[in-house]
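*Asks:* In our numbering, the protein residues as written are 51 to 239.
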Ligand code: ADP
Ligand code: MG
Ligand code: ZN
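1) Just curious, the alpha helix (DSSP H) that residue 120 is in, first and last residue?
2) Mind pulling the alpha helix (DSSP H) runs of 4 or more residues that sit fully within the region 156-208?
3) For residue 231 and residue 202, which I take to be in contact (beta-carbon distance under 8 Å), what is that distance rounded to the nearest angstrom?
4) Given residue 108, which residues of its chain have a CB within under 6 Å of its CB, disregarding the five upstream and five downstream residues?
5) Who are residue 85's beta bridge partners in DSSP?
6) Just tell me which of 127, 74 and 171 has its CA closest to the CA of residue 138.
7) If residue 122 sits next to residue 91, beta carbons under 8 Å apart, how far is it from one beta carbon to the other, in whole angstroms?
8) Under the assumption that residue 326 contacts residue 133 (Cβ atoms under 8 Å), give the Cβ distance between them as a whole number of angstroms.
9) So if DSSP puts residue 61 in a beta bridge, which residue, or which two residues, is it bridged to?
10) Does the distance between the C-beta of residue 196 and the nearest non-hydrogen atom of ligand 3 fall short of 6 Å?
11) Output the boundary residues of the alpha helix (DSSP H) element that contains residue 143.
12) In three-state terms, what does DSSP make of residue 101?
13) Can you tell me whether DSSP reads residue 77 as helix, strand or coil?
14) Hey, residue 157 and residue 151: beta-carbon distance below 7 Å or not?
15) Rounded to the nearest angstrom, what separates residue 225 and residue 193 at their Cα positions?
16) What residue range is occupied by the uninterrupted beta strand (DSSP E) comprising residue 106?
17) Compute the distance between the beta-carbons of residue 83 and residue 112, then report whether it is under 7 Å.
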């Protein structure tokens with residue numbers, strides 16, 4: 051009998067969530083467990099077929115558009131399922147993750163626990179609630195150097211396309227975080 055469980059890795063941008071996810075999945079592969087990794091199709095910042103950290107660590111992954119297609123892609127003999135950027139999935143990801151764990155799969159989920167205004171980022175709070183283990187990782191505050199838990203949106207560039215990732219956000223601690231709505235770009239024909 052396999053023992054299923056849910057592990058959540060969460061924190062701000064640049065906190066090492068993806069690194070920690072890759073570390074756990076690599077260890078499982080080393081232990082000859084069958085591992086499958088997934089990411090939302092929305093997140094194609096680096097490479098659509100792989101999960102890549104800011105420090106360029108990478109692991110093969112399948113990009114899926116919905117939690118339903120993620121569930122459909124999990125093979126019967128898979129021991130460990132990794133999911134990155136879980137905050138970009140629909141709410142049904144909670145049911146999918148729970149069902150996989152009940153079936154004996156070890157599920158490791160990484161994602162942002164807060165949005166750019168510091169608000170809980172659904173469906174991460176629910177995933178944290180059903181998890182056996184929650185790990186909060188922290189980045190380095192770009193202002194003061196203390197451990198950072200918030201993602202500061204730093205682009206206010208008018209009329210410029212926002213691609214996300216480095217340059218658009220930086221890690222900040224609670225003291226240095228300044229949540230604010232970014233003014234919308236004026237209409238440009
Ligand atoms: P996450 O998935 O949480 O966004 P990654 O695992 O992709 O984070 O990247 C973590 C890496 O980002 C670190 O090992 C470091 O090389 C780099 N990095 C860049 N800026 C920072 C920062 N402000 N604090 C910590 N790490 C940073
Ligand atoms: Mg990441
Ligand atoms: Zn700070």
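We treat Cβ as the ideally placed atom computed from N, Cα and C, and that holds for glycine.
*Replies:* Walking through what the data contain:
1) The count along the chain shown starts at 1 and reaches residue 120 at position 70. Taken as a continuous stretch (DSSP letters only), the alpha helix (DSSP H) holding residue 120 covers 117-123.
2) 174-180
3) Start at 1 with the first residue of the chain shown, and residue 231 comes out as number 181. Start at 1 with the first residue of the chain shown, and residue 202 comes out as number 152. Contact doesn't hold; Cβ gap of about 13 Å is too wide.
4) In the chain shown, residue 108 corresponds to position 58, counting from 1. Within the same chain, residue 108 has close Cβ partners 100 and 102.
5) Numbered from its first residue, the chain shown carries residue 85 at position 35. Paired residue(s): 130.
6) Working through the chain shown from its first residue, we reach residue 138 at position 88. When only C-alpha atoms are compared, the closest one is 171.
7) Against the chain shown, residue 122 aligns to sequence position 72. Against the chain shown, residue 91 aligns to sequence position 41. About 14 Å; that fails the 8 Å criterion.
8) Any answer about residue 326 is impossible in this case: the structure gives the chain only from 51 up to 239.
9) Locating residue 61 in the chain shown gives position 11, where the first residue counts as 1. Answer is 162.
10) Start at 1 with the first residue of the chain shown, and residue 196 comes out as number 146. Yes, since a heavy atom of ligand 3 falls inside the 6 Å radius drawn around the Cβ of residue 196.
11) By one-based count along the chain shown, residue 143 stands at place 93. Unbroken alpha helix (DSSP H) run through residue 143: 143-152.
12) The residue given as residue 101 occupies position 51 in the chain shown. In this structure, residue 101 counts as strand in the three-state DSSP scheme.
13) Taking the first residue of the chain shown as 1, we reach residue 77 at position 27. Looking at residue 77 - three-state DSSP - the assignment turns out to be helix.
14) In the chain shown, the residue the question calls residue 157 occupies position 107. In the chain shown, the residue the question calls residue 151 occupies position 101. Yes, the Cβ-Cβ distance between residue 157 and residue 151 is below 7 Å.
15) Translated into positions along the chain shown, residue 225 becomes position 175. Translated into positions along the chain shown, residue 193 becomes position 143. When rounded, the distance between both Cα atoms is 10 Å.
16) To locate residue 106, count along the chain shown from 1; it is residue 56. First-last for residue 106: undefined, no H or E at that position.
17) What you label residue 83 is simply residue 33 of the chain shown in a count that begins at 1. What you label residue 112 is simply residue 62 of the chain shown in a count that begins at 1. No; because the gap between Cβ atoms is not below 7 Å, this pair is not in contact.
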